[in-house]
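Working notes, structure below.
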Amino acid sequence: MKKIIWALALLGAPVLMVSSDAQDLGEIVDVAQEATADGVASQVRIDDLDDETDQLTRDYRAALKQLAALREYNAQLEKLIDGQKKEMVSIRQQIEDVTNVDRTIMPLMFRMIDALEQFVKLDVPFLSDERRARVANLRALMDRSDANPAEKYRKILEAYEIENEYGRTIEAYEGEMDINGESRTVAFLRIGRVALVYQTLDGEESGAWDRTQTQFVDLNGDFDSELRKALRIAKQQAAPDLVVVPVTIGQ
Numbered sequence: 294m295k296k297i298i299w300a301l302a303l304l305g306a307p308v309l310m311v312s313s314d315a316q317d318l319g320e321i322v323d324v325a326q327e328a329t330a331d332g333v334a335s336q337v338r339i340d341d342l343d344d345e346t347d348q349l350t351r352d353y354r355a356a357l358k359q360l361a362a363l364r365e366y367n368a369q370l371e372k373l374i375d376g377q378k379k380e381m382v383s384i385r386q387q388i389e390d391v392t393n394v395d396r397t398i399m400p401l402m403f404r405m406i407d408a409l410e411q412f413v414k415l416d417v418p419f420l421s422d423e424r425r426a427r428v429a430n431l432r433a434l435m436d437r438s439d440a441n442p443a444e445k446y447r448k449i450l451e452a453y454e455i456e457n458e459y460g461r462t463i464e465a466y467e468g469e470m471d472i473n474g475e476s477r478t479v480a481f482l483r484i485g486r487v488a489l490v491y492q493t494l495d496g497e498e499s500g501a502w503d504r505t506q507t508q509f510v511d512l513n514g515d516f517d518s519e520l521r522k523a524l525r526i527a528k529q530q531a532a533p534d535l536v537v538v539p540v541t542i543g544q
């Protein structure tokens with residue numbers, strides 16, 4: 294009985310051995326498959342890392358370019374700021390210079406207006422209202438804060454030029470004249486600043502400014518026809534011609 298059992302044991306031993314080898318082989322295959330899967334996963338991760346590295350490299354290079362551009366921009370901005378600072382210093386200096394000029398020229402302009410006003414007051418009294426209004430406008434201009442000194446000075450020079458022009462021109466215009474206590478409309482004739490005469494619109498009465506008496510004097514009809522002719526010439530209603538007009542010389 295023992296021999297049979299032993300034989301069975303011997304016969305059964307290889308079978309058991311084969312079964313054990315097959316199990317080991319399966320485990321080896323499983324391990325190999327797992328290793329292969331792990332290798333594939335690792336390769337995928339490596340590929341992903343390569344892609345990520347490439348992207349990071351590109352991002353880094355782009356960042357370097359952007360940094361270089363920003364540095365160049367900052368350099369240009371610094372130059373611009375430096376230029377603006379210099380311009381501000383220049384503007385402040387100009388403002389200071391203008392302020393100093395204003396302090397000098399403002400009193401001069403007021404003196405010029407005073408002199409012009411006095412001149413109009415003492416001059417032959419033609420267009421008196423218009424000329425006095427011009428002086429008043431200059432004084433009003435001097436009080437305006439929205440007008441700069443250059444504009445004020447220009448207006449004063451214009452007023453002087455207008456007054457200067459009066460001395461070189463001939464003019465006829467109508468205005469009111471007090472004759473024997475009665476206000477009448479007359480035709481005035483101005484010949485430069487040499488003569489200022491008037492004649493009533495009916496041509497019957499005439500007078501001239503007397504510098505000595507500083508008033509108009511009646512001409513007693515001595516120049517009526519000559520004045521009518523001179524008025525027509527001044528109004529461009531007649532051709533230029535020689536005329537005789539009364540002139541008084543102040544002492």
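For the record, in the sequence shown the residue sitting at position 219 is 512 according to my numbering, with numbers rising by one throughout.
Just so you know, even glycine gets a beta-carbon here, dropped at the ideal spot from N, CA and C.
From a predicted model like this one, the values you see are computed outputs, not experimental measurements.
Taking the CA atoms as reference points, N473 sits about 27 angstroms from A426.
For W502, same chain residues with a beta-carbon under 6 angstroms away, outside a window of 5 residues either side, are V417, L489 and F509 in chain order.
If you keep only unbroken alpha helix (DSSP H) runs of at least 4 residues inside the segment 423–467, you get 442–459. Runs of the beta strand (DSSP E) lying entirely within the segment 481–527 and spanning at least 3 residues, in chain order: 488–493, 499–503 and 508–511. The residue among N393, Y459, M402 and M405 with its C-alpha nearest the C-alpha of L420 is Y459. By the Cβ neighbour-count rule, Q386 is exposed, with fewer than 16 other Cβ atoms within 10 Å of its own. Between the segment 517–535 and the segment 447–466, the count of Cβ pairs shorter than 8 angstroms is three or higher; the stretches touch. Judged by their CB atoms, M405 and I449 are nearer to each other than the 7 angstroms cut-off.
When secondary structure is reduced to three states using DSSP, V479 falls in the strand class. Per the C-alpha coordinates, the member of L482, S438, S476 and L434 positioned closest to F516 is L482. Between V428 and E410, the C-beta gap is smaller than 7 angstroms, which places the two residues in contact. In this structure, the beta-carbon distance from Y453 to M402 does not fall below 7 angstroms.
Rounded to whole angstroms, the Cβ separation of R477 and T493 is 6 angstroms, and the two are in contact under 8 angstroms. Under the three-state reduction of DSSP output, D347 falls in the helix class. Straight-line spacing of the CA atoms in A440 and L434 works out to 7 angstroms. Separation of V536 and E519 (C-alpha to C-alpha, rounded to the nearest whole angstrom) is 6 angstroms.
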